[in-house]
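Note sheet for the following structure.
There are 2 protein chains.
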Amino acid sequence: MEENFDLQQKYMRSALAQAKIAYKKAEVPIGCVIVLNGKIIARTHNRREELNQAYAHAEILAIKKACTILKSWRLNNCDIYVTVEPCPMCAGAIVNARMRNIYFGAINLKGGSCGTVYNIPSDNVLNHTCNIFGGLLKEECGKLITAYFKDKRIE
Amino acid sequence: MEENFDLQQKYMRSALAQAKIAYKKAEVPIGCVIVLNGKIIARTHNRREELNQAYAHAEILAIKKACTILKSWRLNNCDIYVTVEPCPMCAGAIVNARMRNIYFGAINLKGGSCGTVYNIPSDNVLNHTCNIFGGLLKEECGKLITAYFKDKRIE
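Written out as structure tokens, the structure reads:
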């Protein structure tokens, strides 16, 4: 169990590294990795401003990469690690991709959809549910977001 | 008002034409158009199987097209017409894109997120809300979905 927790932290650190890349690009700093059988198969960050695309959140771009790699829209045994609790769009996409586990860092009070505002991946009405593990490296994940919005206010 | 209703029906018929293309491809038959200033700027259909992408619902693909055309992730004055009530992912994407009006045809009992299971675009907690008009050409939109799932069961 402790070993698992070490691994989970390792994956979340990779997601954090992606969030830091987003920060440098002046994007909302959210990063994400997708893991299958102990291997990271997709690592991305939020690129909404860079791509000028409303859907270009870290999670959607990671799901897109993973689907391309696996040649399947079903990511059944995949786990997603994301530095901030997914919004409704991203939580819905994770369910649509039939993912297994969701690990997130900081909670998202303004739309978090994995337990805070909604709990979309736990909803039995939908055709799939995922396990949710929130709060992994939450301080580091949260600090990055806080720093970003502080910078924004000073600008 | 009546003229508006005629126009709304016209746009929904374009979305229905897209849904019929999806049907012929053995995709879940959902079609969508995005309208800006009285002009259709994007028309698409569900291509999940064809693209092998979990995110490739009609609405996301239409938003992607519209963002590309307008070179902006903000689709503020755009209206979306979709033959079936959007799922959480798509309703969330419509909010993320800051769209104005959502017109949908048939309701979606298994995840409809514009009033049936959730009402994401009306949620003041999120950073944008959209107007929702459901039930436009609902019989025709619903018939297509019913026919699709009937075919599936026979196969």
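The listed protein sequences derive, respectively, from chains P and E.
Under the numbering used here, the first residue of the first sequence is numbered 844, with each subsequent residue one higher.
Under the numbering used here, the first residue of the second sequence is numbered 844, with each subsequent residue one higher.
Every residue gets a Cβ at the ideal spot worked out from N, C-alpha and C, and that includes glycine.
Predicted, not measured: the structure shown is a model, and the values here were computed from it.
Sub-8 Å separation of M855(E) and G958(E) beta-carbons: The residue labelled residue 855(E) in the question sits at position 12 within the second sequence. The residue labelled residue 958(E) in the question sits at position 115 within the second sequence. Cβ atoms of M855(E) and G958(E): not closer than 8 Å.
Taking the CB atoms as reference points, tell me whether A934(E) and Y961(E) lie closer together than 8 Å. Here the question's residue 934(E) lines up with position 91 in the second sequence. Here the question's residue 961(E) lines up with position 118 in the second sequence. Remark: C-beta atoms of A934(E) and Y961(E) approach each other more closely than 8 Å.
Compute the distance between the beta-carbons of C910(P) and A897(E), then report whether it is under 8 Å. As a position in the first sequence, residue 910(P) is number 67, starting the count at 1. As a position in the second sequence, residue 897(E) is number 54, starting the count at 1. By the CB criterion at 8 Å, C910(P) and A897(E) fall inside the cutoff.
So which residues of chain E does G954(P) contact, with C-beta pairs closer than 7 Å? Position 111 of the first sequence, counted from the first residue, corresponds to residue 954(P). Listed along chain E are V968, L969, each with a C-beta nearer than 7 Å to that of G954(P).
Mind pulling the chain E residues with CB within less than 7 Å of Q896(P)? Along the first sequence, one-based indexing puts residue 896(P) at 53. By Cβ distance, chain E contributes K907, C910, W916.
Own chain partners of K908(E) with C-beta closer than 7 Å, once the 5 adjacent residues on each side are dropped: Along the second sequence, read from residue 1 onward, the residue named residue 908(E) stands at position 65. Taking K908(E) as the centre and dropping the five residues before and after it, the same chain places the C-beta of A885, T887 closer than 7 Å to its C-beta, in chain order.
With 7 Å as the C-beta to C-beta threshold (strictly closer), list the residues of the stretch 874–885 of chain P near chain E in chain order. Listed by position, the residues of the stretch 874–885 of chain P near chain E (Cβ gap below 7 Å) amount to none.
Consider the Cβ of Y991(P): report whether some Cβ of chain E lies at a distance smaller than 8 Å. Here residue 991(P) refers to the residue found at position 148 when the first sequence is read from its first residue. Among the residues facing chain E, Y991(P) is not included, as its CB has no counterpart in that chain under 8 Å away.
So, V938(E) versus I988(E), is the Cβ gap smaller than 8 Å? Counting from 1 along the second sequence, the entry for residue 938(E) is found at position 95. Counting from 1 along the second sequence, the entry for residue 988(E) is found at position 145. In this structure, I988(E) does not lie closer than 8 Å to V938(E) by Cβ.
Can you give me the C-alpha to C-alpha distance between L904(P) and L904(E), rounded to a whole angstrom? Counting from 1 along the first sequence, the entry for residue 904(P) is found at position 61. Counting from 1 along the second sequence, the entry for residue 904(E) is found at position 61. In this structure, the CA atom of L904(P) is about 14 Å from the CA atom of L904(E).
Among Q852(E), S956(E), P872(E), S857(E), which one has its Cα closest to the Cα of D994(E)? One-based indexing of the second sequence puts residue 994(E) at position 151. Checking every option, the nearest Cα to that of D994(E) belongs to P872(E).
Residues bridged to N962(E) (per DSSP): On the second sequence, residue 962(E) is found 119 positions in, with the first residue counted as 1. DSSP lists C957(E) as partners of N962(E).
Kindly list the residues whose CB is nearer than 7 Å to the CB of N977(E), restricted to its own chain and excluding five residues on each side of it in sequence; keep chain order. Translated into the one-based positions of the second sequence, residue 977(E) becomes position 134. The identity of residue 977(E) in the sequence shown is Gly, whereas the question assumes Asn. These residues qualify, in order along the chain: E928, F947, I950, C957, G958.
Does V878(E) come out as helix, strand or coil in the three-state DSSP assignment? On the second sequence, position 35 is the one that residue 878(E) refers to. It is a strand residue.
Please confirm whether M844(E) has its beta-carbon closer than 8 Å to some beta-carbon of chain P. Within the second sequence, the letter at position 1 stands for residue 844(E). With a pLDDT of 45 at M844(E), under the threshold of 50, the predicted position of this residue should be treated as unreliable, and no value is reported.
Span separating the alpha-carbon of M932(P) from that of D966(E): Translated into the one-based positions of the first sequence, residue 932(P) becomes position 89. Translated into the one-based positions of the second sequence, residue 966(E) becomes position 123. Roughly 14 Å between the two C-alpha positions.
List, in chain order, every chain P residue whose beta-carbon is nearer than 7 Å to that of R891(E). The residue given as residue 891(E) occupies position 48 in the second sequence. In chain order: W916.
Paired residues, beta bridge with I1004(E) - DSSP: In the structure as shown, chain E starts at 844 and stops at 998, and residue 1004(E) therefore has no counterpart that could be examined.
Please list, in chain order, the chain P residues whose beta carbon lies closer than 8 Å to that of G978(E). As a first step, residue 978(E) is located in the second sequence; it is residue number 135 there, counting from the start. Neighbours of G978(E) on chain P: none; closest Cβ ~20 Å, over 8 Å.
Using a Cβ-Cβ distance under 8 Å, would Y1032(P) count as near chain E? The requested residue 1032(P) does not occur in the structure, where chain P is confined to residues 844 to 998.
Starting from the Cα of E893(E), find the closest Cα among N974(E), I912(E), K867(E) and give me that residue. The residue given as residue 893(E) occupies position 50 in the second sequence. Closest in C-alpha terms to E893(E), from the list N974(E), I912(E), K867(E), comes K867(E).
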